[in-house]
Amino acid sequence: GAIGKDGYQHFMEKELHEHPLVIGQTLQRMIDPATRQVVLPELPCNLAEVPRAVMTACGSAFYAAMVGRFWLESVARLPVDIDIASELRYRDPPLTKGSLGLLISQSGETADTLAALRTLRQNSAHILSVLNVEHSTMARESDAVLGTAAGPEISVASTKAFTAQLTVLACLTIAVARSRGMLDAAGEEELVTALLDLPSRAADALAQADAIRSMARIIADASNVLYLGRGSMFPVAMEGALKLKEISYIHAEAYAAGEMKHGPISLIDNTVPIVASAPFTPLFDKTLSNLQEAKARGGRLLVFTDTKGAERVSAIAEQMVVLPHVHDFTAPVVQTIPVQMLAYEVAVLRGTDVDQPRNLAKSVTVE
Ligand code: G6P
241 GAIGKDGYQH FMEKELHEHP LVIGQTLQRM IDPATRQVVL PELPCNLAEV
291 PRAVMTACGS AFYAAMVGRF WLESVARLPV DIDIASELRY RDPPLTKGSL
341 GLLISQSGET ADTLAALRTL RQNSAHILSV LNVEHSTMAR ESDAVLGTAA
391 GPEISVASTK AFTAQLTVLA CLTIAVARSR GMLDAAGEEE LVTALLDLPS
441 RAADALAQAD AIRSMARIIA DASNVLYLGR GSMFPVAMEG ALKLKEISYI
491 HAEAYAAGEM KHGPISLIDN TVPIVASAPF TPLFDKTLSN LQEAKARGGR
541 LLVFTDTKGA ERVSAIAEQM VVLPHVHDFT APVVQTIPVQ MLAYEVAVLR
591 GTDVDQPRNL AKSVTVE
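Following full-length UniProt numbering, the numbering of the sequence shown begins with 241 at its first residue and continues without gaps.
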């Protein structure tokens with residue numbers, strides 16, 4: 241039957257509330273409940289023999305790829321090249337023989353990503369695609385597909401498909417790390433435990449709606465917003481800024497917090513709210529000192545942190561949202577949910593067409 245909004249005001253709101261379910265369904269496909277080990281349904285090649293990966297995608301899926309690169313490099317020690325699909329296809333990069341081409345797409349139909357897939361194929365890469373629509377053109381042209389069990393996503397701005405992509409990439413990272421001898425049984429158990437905890441922690445993030453709404457009131461009056469994050473939180477900041485631009489039409493820019501001093505710090509005054517993703521990870525102290533620099537220049541800090549970071553964040557932030565503290569590995573998944581919710585709440589306050597923003601399409605099948 242037709243897909244309805246189930247009592248929600250917008251599809252985007254409904255789909256945000258599906259995060260816990262979708263993450264859980266995606267994990268179910270990839271973690272054997274008996275052994276608690278990652279078992280990937282399909283692979284294009286022997287992961288132990290892959291010399292490097294080339295990741296590519298468009299839009300939000302590209303930010304999922306950035307988190308994936310962070311994981312594959314830091315946990316699995318696999319060298320990763322990454323580029324947006326519309327650039328990769330014309331860049332003519334020299335490809336290491338036997339590379340893994342890793343494509344990420346909700347629709348499996350995005351013209352630029354499909355063209356990048358074909359470029360990688362011509363360079364004889366193994367093609368593995370992370371797709372939500374499993375009967376798509378990209379699925380047909382891939383050697384193997386890892387499905388995101390997000391179900392149909394109606395809202396043009398991606399939400400649940402993004403966290404499902406992260407979930408798949410996290411499982412892939414564990415499988416690659418194991419096959420490359422970078423993860424022993426105890427290490428895998430630790431990461432799998434963190435992953436299995438995610439549906440509940442995603443629900444905790446959704447429960448922060450009131451605090452997020454109160455941040456949204458500050459953003460809704462702004463013309464420019466700066467999003468900051470470091471490490472795995474940099475792509476989260478980029479996802480937050482993209483979502484805000486897409487559906488509220490407020491200009492937002494995401495910057496790696498440590499790079500702010502090389503440019504955007506000149507923009508900071510009390511009219512440019514700063515949204516920071518700063519959970520208690522190994523980069524917490526560095527991020528916090530970047531935020532202090534911004535505050536010293538009149539910046540208004542709106543900070544997403546976690547229970548372990550809350551006390552120190554509260555000393556400098558005008559507003560904060562406190563998420564549960566989770567393993568560093570899964571922190572980007574938990575921290576993504578509130579930045580998406582923030583964009584949603586701002587768009588609602590501004591009265592935009594949340595599910596069908598102007599000039600945008602759900603699936604861009606032209607170059
Ligand atoms: C469009 C959508 C974005 C999406 C991007 C990539 O621009 O508006 O939300 O992230 O395409 O789509 P894909 O289907 O390849 O993930």
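We treat Cβ as the ideally placed atom computed from N, Cα and C, and that holds for glycine. Here the structure is a predicted model, which means the values were calculated and not measured.
In this structure, the ligand G6P has a non-hydrogen atom nearer than 6 Å to the beta-carbon of residue 350. No heavy atom of the ligand G6P is found nearer than 6 Å to the CB of residue 574.
Under the Cβ criterion (8 Å, minimum of three pairs), the segment 256 to 273 does not count as touching the segment 306 to 326. Counting other Cβ atoms within 10 Å of its Cβ, residue 387 reaches 16 or more and is therefore classed as buried. Between the ligand G6P and the CB of residue 604, the shortest heavy atom gap is smaller than 6 Å.
In the structure shown, the three-state DSSP call for residue 343 is strand. Around the beta-carbon of residue 595, 16 or more other beta-carbon atoms lie within 10 Å, marking it buried.
Residue 544 and residue 442 have their C-alpha atoms spaced approximately 14 Å apart. Between residue 517 and residue 579 a beta carbon distance of about 7 Å is seen, short of the 8 Å cut, so the two are scored as contacting. If only complete runs of 4 or more residues are kept, the UniProt domain "SIS" (455 to 597) shows the alpha helix (DSSP H) at 473 to 488, 524 to 536, 550 to 554, 571 to 590, in order along the chain.
The segment 457 to 477 makes contact with the segment 518 to 536, as at least three CB pairs between them are under 8 Å. DSSP places residue 378 inside the alpha helix (DSSP H), whose first and last residues are 377 to 380. Here the alpha carbon of residue 581 sits roughly 7 Å from the alpha carbon of residue 452.
Bridge partners of residue 295 according to DSSP: 322, 342.
Residue 444 is not a Cβ neighbour of residue 273, given a cutoff of 7 Å. For residue 250, there is no enclosing beta strand (DSSP E), as DSSP gives it neither H nor E. In its chain, beyond the 5 residues on either side, 329 have a beta carbon closer than 6 Å to the beta carbon of residue 355. Residue 252 and residue 447 have their C-alpha atoms some 16 Å from each other.
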